Amino acid sequence: MFKKFDESENVGNVNIAKSSVQKGIRSQILDQFSHIDDYLDQILPKKEPLKIVKCHEHIELLCNQTGEILFFRQRDGPLFPSLKLLHKFPFILPHMQVDKGAIRFVLSGANIMCPGLTSPGAQMTKVDKDQIVAIMAEGKQHALAVGFTKMSTEEILSKNKGVGVDNIHFLNDGLWGMKQIK
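So that you can map any letter, position 28 of the sequence shown is 53 in the numbering used here, and since no number is skipped, the others follow by simple counting.
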């Protein structure tokens with residue numbers, strides 16, 4: 026999604042969200058990530074304005090008052106946390122760990138294959154199909170990508186072939202390299 030994302034070409038207009046829209050976004054975040062209820066005011070304070078940045082391909086970026094990207098979504102899809110937010114609050118998403126051999130492929134934007142999740146050095150959290158996950162790397166502390174599962178954990182273990190997780194946003198992609206939005 027953000028492999029060839031360029032701030033100068035892909036970013037459209039920036040708007041401050043109305044309070045009713047901001048309440049709707051806060052409730053959507055709580056619906057998706059119910060376990061972060063205690064941290065929501067740190068992530069998205071009620072009194073601070075929320076910036077909505079419209080981009081090409083119907084992508085919306087949600088930014089805080091300082092312009093830091095917190096979440097993004099395409100069309101009316103689910104909200105994905107940015108990697109910078111995920112590094113601050115790593116417990117937002119369930120973790121799927123890839124082995125050392127898969128790291129360079131994930132960092133180049135490749136989807137995560139089932140053998141990379143089932144080999145020695147890899148670990149999986151029990152998740153369902155179509156769930157947002159943090160892609161961790163063997164021996165590394167922080168997430169290297171945000172993904173969307175194509176199969177449940179049981180399917181990944183039983184099939185062990187094909188794409189297990191779609192790579193949505195990874196380190197050093199266009200979204201990661203964006204400066205704060207003014």
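Each residue gets a CB set at the ideal place from its N, CA and C atoms; glycine is no exception.
Since the structure is predicted, the reported quantities are computational estimates derived from the model, not experimental observations.
Around the beta carbon of residue 41, fewer than 16 other beta carbons sit within 10 angstroms, so the residue counts as exposed. A Cβ-Cβ separation of about 6 Å places residue 121 in contact with residue 160 under the 8 Å criterion.
Assigned with DSSP and collapsed to three states, residue 191 falls in strand.
According to the DSSP assignment, residue 182 belongs to no beta strand (DSSP E) but to the alpha helix (DSSP H) extending over 178-184.
Put simply, the region 103-114 does not touch the region 138-151. Fewer than three CB pairs are less than 8 Å apart. Secondary structure note for residue 143: it is in no beta strand (DSSP E), and the uninterrupted alpha helix (DSSP H) holding it is 139-143. Going by DSSP, residue 196 is part of no beta strand (DSSP E) at all; its letter is neither H nor E. The beta carbon of residue 90 sits closer than 7 Å to the beta carbons of 73 and 74 from its chain, once the five residues preceding and following it are set aside; these are given in chain order. Sequence-distant Cβ neighbours of residue 205 in its own chain, meaning closer than 7 Å and more than five residues away, are 91, 92 and 93.
For residue 115 and residue 167, the gap between their C-alpha atoms comes out near 8 Å. The shortest C-alpha to C-alpha distance from residue 51 to any of 138, 60 and 69 is the one to 69. Every unbroken stretch of the beta strand (DSSP E) spanning 3 or more residues and falling wholly within the region 75-112 is given here in chain order: 76-80, 84-88 and 94-99. A straight line joining the alpha-carbon of residue 154 with that of residue 110 spans about 23 Å. DSSP, read as helix, strand or coil, puts residue 116 in helix. Taken through DSSP and simplified to helix, strand or coil, residue 172 comes out as strand.
Between the alpha carbons of residue 76 and residue 87 lies a gap of roughly 6 Å. Of the candidates 150, 97 and 128, the residue whose Cα lies closest to the Cα of residue 174 is 150. For residue 136, the secondary structure class from DSSP, reduced to helix, strand or coil, is coil.
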